[in-house]
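Right, one structure below, let's go through it.
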Amino acid sequence: MRDAAPTTVFLSDYTPFGYLVDSVHLTFDLAPHATRVTSRIAFRPNPQARDRRFFLHGEGLTLIRAAIDGTAISPEITDAGLTADAPDAPFTWECEVEIDPGTNTALEGLYMSPLDVQGESQPDTSAMYCTQCEAEGFRKITYYPDRPDVMSIFTVRINGDLPVLLSNGNPVDRGEGWAEWHDPWPKPAYLFALVAGDLVAQSDSFTTVSGRSVELNLWVRPGDEHKCAFGMQALKKAMKWDEDTYGREYDLDVFNIVAVDDFNMGAMENKGLNVFNSSCVLASPDTSTDMNFERIEAIIAHEYFHNWTGNRITCRDWFQLCLKEGLTVFRDSQFTSDMRSAPVKRIHDVIELRARQFPEDTGPLSHPVRPESFQEINNFYTATVYEKGAEVIGMLKRLVGDAAYAEALDLYFARHDGQACTIEDWLKVFEDVTGRDLGQFKRWYSQSGTPRLSVEEAFDNGTYTLTFTQSTDPTPGQPDKAPQAIPIALGLLGPNGDEVLPTQVLEMTEVTQSFTFEGLAAHPVPSILRDFSAPVILDRAPQSAERAFLLAHDTDPFNRWEAGRDLARQCLIDMIAKGAEPDADYLDGIRAVLRDDRLDPAYRALMLGLPGQSQLAGFLHEAGVTPDPMAIWSAVERLKDAQAGALGDLLGELYNSAQVTGPYAPDAAQSGKRALAGAILDLTTRRDGGTQAAAQYAAADNMTLQLSALACLLRAGKGQDQLARFYDQWQADRLVIDKWFSLQIAEAAPKDAAQIARALTDHADFTWKTPNRFRAVFGALAGNHAGFHAASGAAYELLADWLIRLDPLNPQTTARMCSAFQTWRRYDADRRALIGAQLDRIAATSDLSRDTAEMITRIKGA
Ligand code: PHE
Ligand code: ZN
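Every position in the sequence shown, counted from 1, becomes a number in our numbering once 177 is added.
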């Protein structure tokens, strides 16, 4: 069934549902192609609502019977749901539907994993049932008011002959072939979950601050038991941290996590039954990299933290998505900073923000943190809602201070527990606690686009003046921009490198605003936007000498890194646009940083990083230069070679100093060393042709070292033997084979990338219906900037072919992958024509999903 004509939903059209739901009883009779779902729901008129139309969402359901207060009815049914005559008084709704989880490839609602059993009349016993209901998946399970402001208490009975039968809340009872669950906390339907399968658990327990014991289970397929220990530890750390930091205690007797291979996103915070993409929870040293471990720890914490920020307090409607996501991302960043290194986490976050959110916000997909309209909500689980949403919370905290932030959060939990809320509710607690008017600050939620901040300085007689000017370019639907409230964290350094003004937060509210500092002995060097205090683009062209000075002396670790990054960027731009040579100040600066062994190895590794090639294309485009992907690629290669030359005599020593002795641990200290070793190995490979990388590969006893060595070899045009052996070694491990697919595309020379990707789509293991495998290939292809933009257009065509093929099966994953084309207007006329033709071809596909149609229309723009 395909979607009808697209309809747009508007924030301003919100009205409450006509009925409240007092309780929901669900019974599932599981069968691969004919699952019966029986519901008994207690409705009562909603005194807050005027409209009493009784419409229940429902998609792809076969109605068996429906009754109101025991009397059978024949409701009017459309593609979107059913309408019935309901009394203006409390009543009981009963309904039975049939669904087909065994052919559900969209992975919304109830589905089965693995997908390769699909279509078979009796999937093998290793197949599991799983649900995904956010945002609007519950309507594919039964008829229901599937909107987050309708909250209710669920009791669930599962009948099925699988050994493990799980749902939300606490277990009530179970017997042979059935289990019953009850969730005492009112929740919206998007937090409903059911899992059934032949699963095994790693179990543990956690005693909450008030002394209650909670049973913890991490459920996996048999064979994956050895990949659970780290996730379980991460969960316990997150539970403790949320008690210590936010005073939030867990509220059920059990907490279940399930790993599933087929999943559209990272993970899902269903109440008491989190479901995870197996790539975001399963970990072992021999199969997972340090980055995987760090990410898993963060995602486990993120989903756990949703128990309060998302579940106990949820969203009134999907426009408020950032209410739960921005806050929960902010909370998981705080957690990672506390568990690991705060500066390193901040730098990682800003790298990600610039790589993913900035292009979104400066391109055709730009939208506010709280969008005002959408066609398909699945298309708004974006870097803007999540990551910029988290930045907005960080700014708020910086503006009100830590104490007021803590008080406001306490008030938020006390005032809104059990409610479905809005951004207005959220800001009101801050206004009530601080007495501040947050009217202007609220613009961060409604105005899209990344503000630019330019700076002028003056020094006269001991008085130093900084004048900032802000502007935001027009974005789709928003031609005129108003000034934002921007917290600018600033420090001043004296000429000898001493800090003469420690960090303070300037509050900018006007278009242009000056700040003066008196009693300075000499013209200071400003360190602006410390810790990246606002998600803006700092438009400032200081001399490279000043950046080199900050790289050497800044006390703010973020800005010290940023100084190196700015130097690298400027140097690359000059190399690309003016044919300049690599900048000596930059190379001297990083040499000094790299040999400073008081600095954290992870931090030194970050100092060797360069801006991404896509980002460089963005800078060139903004500067009025049409980016040439091959020229960018070769400049980056030359600068890497120059780094290798500048560090030449130090490379061996640095590599040795970054070796870890003793058993593997995925902690910050060890992974920092391995990150540095990996960055150094990349440079060494440029000088020794891969000798050291081959040695590291041969000796590697963990995935981080194995993969970093293989990446270096492939980048050097070598490593085909190792690649083949890698496959043989890991062919039984789905998650490692994802890495095998993506690495060879990510590290391919630009001219080969599309061809390698195409060949891999013919590989027997290219199980493309599984989102992880699809993304392994096409995410890597889109991320190989020069390869993706190869002049032939082969990569564009390959991606479009596969998007067209995946769309009827999995619209959500297809639509997300369309964003590979979002920056297309930056490029030259030939590339624009090639991409434009592919966008047109996708758009012209018959029966295109609403998800993909909306994305393509927006990307094409006016
Ligand atoms: N709510 C999930 C999270 O942020 C993300 C998600 C959205 C998962 C939609 C599945 C579907 O943790
Ligand atoms: Zn989330």
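The beta-carbon is built from N, C-alpha and C at its ideal position, and this holds for glycine as well.
The nearest non-hydrogen atom of ligand 2 is less than 8 Å from the C-beta of tyrosine 563.
Cβ contact annotation for phenylalanine 187 (same chain, cutoff 8 Å, sequence separation greater than five): Glu549 and Ser550, in chain order. Not one heavy atom of ligand 2 falls within 8 Å of the beta-carbon of glutamate 529. When Pro927, Thr559, Glu420 and Gln792 are compared, the shortest CA-CA separation from alanine 532 is found for Gln792. Scanning Gly756, Asp751, Ala745 and Met752 for the CA closest to the CA of arginine 768 turns up Ala745. The alpha-carbon separation between phenylalanine 636 and arginine 781 amounts to approximately 34 Å. Proximity to aspartate 929 across Ala967, Asp1028, Arg707 and Leu728 peaks at Ala967, based on C-alpha coordinates. Look at the beta carbons and you see the region 838-857 not touching the region 1023-1038: under three pairs across the two are nearer than 8 Å. Nearest Cα to threonine 1000 within the set Asn987, Leu1016 and Pro985: Leu1016. By the beta-carbon neighbour count (other beta carbons within 10 angstroms, threshold 16), glutamate 471 is buried. Placement of the Cβ of glycine 487 at a distance of less than 8 Å from at least one heavy atom of ligand 2 is found. Note on valine 435: 16 or more other CB atoms within 10 angstroms of its CB, so buried under the neighbour-count rule.
By the Cβ-count criterion, serine 919 is buried, with 16 or more other Cβ atoms from all chains shown falling within 10 Å of its own Cβ. In terms of side-chain proximity, the C-beta atom of histidine 479 is found nearer than 8 Å to a non-hydrogen atom of ligand 2. Nearest to threonine 269 by C-alpha distance, out of Tyr306, Phe231, Ala304 and Gly235, is Phe231. Isoleucine 250 carries a coil assignment under DSSP once its states are collapsed to helix, strand and coil. Between ligand 2 and threonine 505, a heavy atom-to-CB distance of less than 8 Å is present. Taking the Cβ of methionine 442 as the reference point, at least one heavy atom of ligand 1 falls within a distance shorter than 8 Å.
Note on threonine 693: under 16 other CB atoms within 10 angstroms of its CB, so exposed under the neighbour-count rule. At least 9 Å separates the beta-carbon of arginine 334 from that of threonine 212. Here the region 240-250 makes contact with the region 261-277; the two share three or more CB pairs at distances below 8 Å. Positions of the alpha helix (DSSP H) runs, each at least 4 residues long and wholly inside the region 596-674, are given as 600-611 and 620-623 in order along the chain. Aspartate 381 places its beta carbon 9 Å or farther from that of arginine 398.
Excluding the 5 residues flanking it on each side, methionine 289 has same chain C-beta neighbours closer than 8 Å at Pro209, Pro278, Gly279, Asn281, Gln295, Pro300, Ala304, Met305, Tyr306 and Cys307, in chain order. Taking a contact as a CB-CB distance under 8 Å, the pair glutamine 552 and threonine 192 does not count as one, their CB atoms being some 19 Å apart. Between the alpha carbons of alanine 871 and proline 541 lies a gap of roughly 44 Å. For serine 514, no beta strand (DSSP E) encloses it; the enclosing alpha helix (DSSP H) starts and ends at 498-516. Using a Cβ distance threshold of 9 Å, asparagine 484 and aspartate 428 count as a contacting pair.
Distances from the CB of lysine 658 to the heavy atoms of ligand 2 are all 8 Å or more. Assignment of beta strand (DSSP E) within the region 699-762, counting only whole runs of 3 or more residues, yields 702-705 and 714-716 in chain order.
In this structure, Phe735 is the residue among Lys916, Phe735 and Glu502 with its C-alpha nearest to the C-alpha of leucine 706. Counting only residues of its own chain and dropping the five nearest sequence neighbours on each side, leucine 882 has a CB closer than 7 Å to the CB of Arg851 and Gln873. Sequence-distant partners of glycine 354 (beyond 5 residues in either direction) whose C-beta falls short of 8 Å from its own C-beta, in its chain, are Asn336, Gly337 and Asp338. The region 909-964 is shown to contain whole alpha helix (DSSP H) runs of 4 or more residues at 911-923, 930-938 and 948-960, in chain order.
For glycine 566, the enclosing alpha helix (DSSP H) starts and ends at 566-577. When only Cα atoms are considered, aspartate 650 and phenylalanine 220 end up about 48 Å apart.
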